[in-house]
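To keep things clear, I will list the structure first and then write my remarks on it.
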Amino acid sequence: MTDTAIDKIAQRTPARVARKVRGLSDRAIAWLFVGPTIFLLLAINIFPLIWTVYLSFTNFRANRPNREVEWVGLRNYERILTDSDIWLNMQATAHFLFWTIFFQVLIGFALAYLINKKFRGNDLWTTIIVLPMMLSPAVVGNFWTFLYQPQIGLFNYIVAFFIGADPSSFEMIGSVTLAPWAIVIVDTWMWTPFVMLICLAGLRSIPDYIYEAAEIDRASKWRQFWTITVPMVLPFLMLAVLFRGIENFKMFDLVVQLTGGGPGSITELASINLKREAFEKWRTGYSSAYAIILFVTVFGLASIYVKALNKVKER
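The opening residue of the sequence shown carries number 130 in our numbering; numbering runs sequentially from there.
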């Protein structure tokens, strides 16, 4: 019988090393394997976070590393929280966040409900609906920028067909009124399939015998929907809202490709404004404080939301 690879490695291991390895406990061996991962986690995630917290209390500028760094305390945080422009960016972010989640949950659940009904071509339609979320945000941004062109874009012609207006009479990404809705439409188109898949998983997890029992009790389809379907899919819906809420709060690439934060700063989300403060104005200390505020906001809201989600799941 030929020796296995492990046997060959064991035979070639020096006796001194073999004795040391043999003397290690299971706990020590576990730490030996887990240790490098923990080190990488500390180096890549924890250390930068601690360093960012430190920089947020200073006037450090990354483009002037030789300049003397001064400790400014809470001045950066005070300036951010009292800056009216920052609050306008937060307002734009809240508008984008609310409406994208609203439409994605509404349309995603409706699509999942329809797809869950078995019909011819079910799998084909599911694949077609899921296609947008497989694309890169940069590709989607460029694609929709072309569609939004008032002279040659297909979007204006479709809207004009229904409202009877001239296709070149309005511009989605160049209008202060329409630009916020332009980015909402694109994000909804791209990520509604994600919500649909989560809702579909929830719908297909409901046992058939519950509906059969409701049929025996002569419950109408409408009553079955509100007393069985919605309550049992609700945890999945809330999970989808959590995922999309976190992702959309830090949305950057899609909006940059579409509007660049314009016209003016009407679609300048908090993440875009943070990038400009950090890498265009090079206010590193100020932008670090800004990043910490955004992180605490997301973490705090997500923690509260997860507690609510757990209570819904326990019902």
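All residues carry an ideal CB built from backbone N, CA and C; glycine is no exception.
Trp-200 has Thr-187 as its beta-bridge partners, per DSSP.
A direct Cα-Cα distance of roughly 15 Å separates Arg-156 from Pro-165.
Short of 8 Å from the beta carbon of Phe-238, and not among the five residues preceding or following it, lie these beta carbons of its own chain, in chain order: Val-324, Met-325, Cys-328, Val-362 and Leu-366.
With respect to the 8 Å criterion, Ser-394 and Leu-217 are classified as neighbours on the basis of their beta carbons. By the neighbour-count criterion, in which a residue is buried when 16 or more other Cβ atoms sit within 10 angstroms of its Cβ, Val-435 is exposed.
Membership of Lys-442 in the alpha helix (DSSP H) is indicated by the continuous run 413-443.
The Cβ neighbour count for Phe-162, taken over all protein chains shown within 10 Å, is under 16; the residue is labelled exposed.
Distance check between Ala-311 and each of Phe-272, Glu-341 and Gly-331 places Phe-272 closest, using alpha-carbon atoms only. The alpha-carbon of Phe-381 is positioned some 9 Å away from that of Lys-404. Short of 8 Å from the beta carbon of Ala-437, and not among the five residues preceding or following it, lie these beta carbons of its own chain, in chain order: Met-367. Straight-line spacing of the CA atoms in Arg-333 and Leu-240 works out to 13 Å.
Taking one beta carbon from each stretch, the segment 205-221 and the segment 396-416 have 3 or more pairs nearer than 8 Å; the two touch.
Residues of the same chain with a CB within less than 7 Å of the CB of Ala-418, apart from the 5 flanking positions on each side, are Ser-185, Asn-205, Tyr-206 and Ile-209 in chain order. Assignment of Ser-265 by DSSP, reduced to helix, strand and coil, places it in the coil class. Three or more beta-carbon pairs separated by less than 8 Å are not found between the segment 307-322 and the segment 351-361, which leaves the two stretches without contact.
Thr-396 and Asp-316 have their alpha carbons spaced roughly 13 Å apart. For Lys-350, the uninterrupted alpha helix (DSSP H) run begins and ends at 350-353, by DSSP.
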